[in-house]
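Numbering (my numbering), first residue to last: 19 to 249.
So the structure is just underneath, and the comments pick up after that.
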């Protein structure tokens, strides 16, 4: 099955749009405080955005480099009691991929993992996310970005710490504003990221935006339910 790609006009700004994209809805409730409707319309992704905001508010310090968060994903290594057991093996590591994976899992969507020799699983790195077509669709028009989508900034070079991922929590294309929640060295929190695409040029061949420093920006949308991964 070919990945679903949104191909309306690519832009480096956040223009107004009333178009919709096919995606499974997750809730029909009104958007909570701090979560605005996405440019693509519809309700898909609100549950992901709400999960990200809740984890950033209540578990912020746990996602700092020296923290040890809990996770709702039952297959992660040593996660004996999901959302209760602290994953000590995460101490001393950057956790942007962990935060994204946990928010997706809490909302019922799958984050790709890889299996460790002992049998447990770890989330793939942020750098790998744009290439996981089984799990994410690439959004090729900035005006279609909506709460619950995933932003990946892939910096030049390769390795575990050469990319950063966050979850969109608010997007107002008419005002040109964008908010996202993610894990940083000092913890997880929501921030204004309205300048994300400033100075970036869209690359239709690779379906990403390129910056002058060589980094690439990917806009992704979850497509695989967690139930398909965890039996």
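Note that CB positions come from ideal geometry on N, CA and C, so glycine has one too.
- For residue 229, same chain residues with a beta-carbon under 6 Å away, outside a window of 5 residues either side, are 218 in chain order.
- Our two residues, residue 183 and residue 147, have alpha carbons roughly 9 Å apart in a direct line.
- Relative to residue 188, the option among 212, 105, 222, 94 whose CA is nearest is 212.
- Sequence-distant partners of residue 225 (beyond 5 residues in either direction) whose C-beta falls short of 6 Å from its own C-beta, in its chain, are 156, 158.
- Within the region 187-246, the complete beta strand (DSSP E) segments at least 3 residues long are 195-202, 205-210, 219-221, 226-228, 234-240, listed from N- to C-terminus.
- With a cut-off of 8 Å on Cβ pairs, the region 92-101 is not in contact with the region 171-180, counting fewer than three such pairs.
- Residue burial annotation: residue 81 is buried, with at least 16 other C-beta atoms found within 10 angstroms of its C-beta.
- With fewer than three CB-CB distances shorter than 8 Å, the region 131-141 does not count as touching the region 200-210.
- Under DSSP, the beta-bridge partners assigned to residue 155 are 239.
- The Cβ neighbour count for residue 222, taken over all protein chains shown within 10 Å, is under 16; the residue is labelled exposed.
- Collapsing the DSSP output to three states places residue 109 in coil.
- Inter-segment contact for the region 100-120 and the region 235-243 is absent: fewer than three beta-carbon pairs are separated by less than 8 Å.
- Residue 87 and residue 128 have their alpha carbons spaced roughly 18 Å apart.
- Each residue's CA atom was taken as its position, placing residue 243 and residue 117 some 17 Å apart.
- For the options 179, 149, 240, the alpha carbon positioned closest to that of residue 201 is the one of 179.
- Per the coordinates, the alpha-carbon of residue 90 lies some 11 Å from the alpha-carbon of residue 105.
- Here residue 75 is exposed: its Cβ has fewer than 16 other Cβ atoms, across all protein chains shown, within 10 Å.
- Closest option to residue 131, judged by alpha-carbon separation, among 123, 142, 125, 122: 142.
- Per the C-alpha coordinates, the member of 150, 185, 181, 191 positioned closest to residue 161 is 191.
- Measuring C-alpha to C-alpha distances from residue 181 to each of 115, 205, 77, 193 identifies 115 as the nearest.
- Its Cα nearest to that of residue 73, the residue 101 stands out among 145, 101, 239.
- DSSP lists 139 as the beta-bridge partner residues of residue 133.
- In the structure shown, the three-state DSSP call for residue 118 is helix.
- Only buried fits residue 239, as 16 or more other CB atoms lie within 10 angstroms of its CB.
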